[in-house]
Amino acid sequence: MRTPSLLLLAVGLSCGIGAPDALAARPGTPGGTGSDKTPDLERVAKLLLESTNAFRKEQGRGELKNEEKLASTARDFARFLAENDKFGHEADGSNPSERVKKHGYDYCALAENIAYEFNTEGFASEELARNLVENWKNSPGHRKNMLDPDATESGMAVAHSEKSDKYYAVQVFGRPRSAAFSFQVANESGEKFDYKMDGEAYSLEPQYTRTHEVCRPGQLEFPWAEAVGKAETFTPAKDDRFVVGKKDGKLIVIRKAAEKKDAPTPAAEGTKAEAEGPTP
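If you count by mature numbering (1 follows the signal peptide of the UniProt record, and there is no 0), then the sequence shown holds residues -24 to -1, 1 to 256, one letter each, in order.
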C-alpha cells in the first residue's frame, strides 16, 4: 500500500528561508544509478535546479547559477537532517546565514527552502524532484523564495535517512555581497528635509550628503517633492545621486549620475546609510 506524506517550511532574511516537504520513500544512494524506485540523489539535485529555473523563466525571473559554496551548505545541511531525522531551519543549532558563512559565502541576500518526502513505494529521480518542486511552488513562502527576483545563485541537495526512509531536500538561494550597490542623497536646498528609503525615515541637514548601501533595488520617496519631469518615488540604481534643491521657493529633487569611484563600494546586509557634512 502506498503511503505518501508531505511537510513544508519557509523562512526569510534580507534573504528568505523556505520550507520542507515530506513524502515516504525507499532509500536512495547519492551518485547511484537511480533505479525506478531508488533515486539518484545527485541527479535529483540537478533536476531541482533545472525545474526551479524553468519556473523562474515562466514567471519572468532570471536564471540561477549553481554556486559551489551554497551547494556545499545545502549538502551538509541535508545530510544532517537525514542522519538525525530532524527538521527545521535551525535543526542543527545554527541558522541559514551562519551555515553559508561557515562555508565561506559572503551574502547580501539569502533564502532557504527545506522539505522532506516519504513514500513506502519509493521514488524515481524525476518523480522525487517533481514532487519537491511542485509542493514548494504551491506554498506561498517557498514560492516567494523560488521567485525572488534578486537571487542570482543557488545550491541544492537531497539526502536519504536510513532510519525513516525520508528524503530531505534543501534549496539555498543567494545574492553575493559583491552585488550590493550605493547611491547618494544630497541636500543643496539650504533647509533640512525628510525622506524615506523602503519605508525607513531619514532626515538630512543642509549641505550634507548621505550614502546608502543596499543589496536590492528599493523605493526612495520624497513625499514633498515637485520633481522636474520626475515622479516623487524613485527606484535607485548603482551610483545614482539625488540632489535636493529649491525652485521658486519649493523643494525639488533631481536625479543625477554619481561620480565614478576608483574602487567598488563595500556591500552590506540590508541597508546602511552614512551622512557626511560640508567641507570647510
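C-beta: ideal position from N, C-alpha, C; glycine also.
Would residue i be called buried (16 or more neighbouring beta carbons within 10 Å of its own) or exposed?
i	result
residue 233	exposed
residue 170	exposed
residue 60	exposed
residue 224	exposed
residue 209	exposed
residue 74	exposed
residue 117	buried
residue 88	buried
residue 199	exposed
residue 156	buried
residue 14	buried
Closest by CA to residue i, which one among the options?
i	options	result
residue 191	86, 111, 47	86
residue 98	42, 209, 136	136
residue 149	178, 228, 188, 39	39
residue 197	133, 172, 68, 34	172
residue 91	124, 13, 57, 72	57
residue 69	53, 184, 79	53
residue 25	16, 123, 132, 183	132
residue 84	221, 179, 184, 189	189
Check the C-beta distance from residue i over to residue j and give it rounded, since I have them as a contact under 8 Å.
i	j	result
residue 216	residue 153	Contact flag wrong, Cβ pair sits at about 20 Å.
residue 151	residue 126	5 Å
residue 43	residue 129	4 Å
residue 113	residue 31	6 Å
residue 101	residue 219	Actually they do not touch by this definition, with Cβ atoms about 57 Å apart.
Check whether the Cβ atoms of residue i and residue j lie closer than 7 Å to each other.
i	j	result
residue 146	residue 50	yes
residue 187	residue 165	no
residue 109	residue 27	yes
Which residues in the same chain have their Cβ closer than 6 Å to the Cβ of residue i, if we skip the five residues on either side of it in sequence?
i	result
residue 79	45, 48, 49
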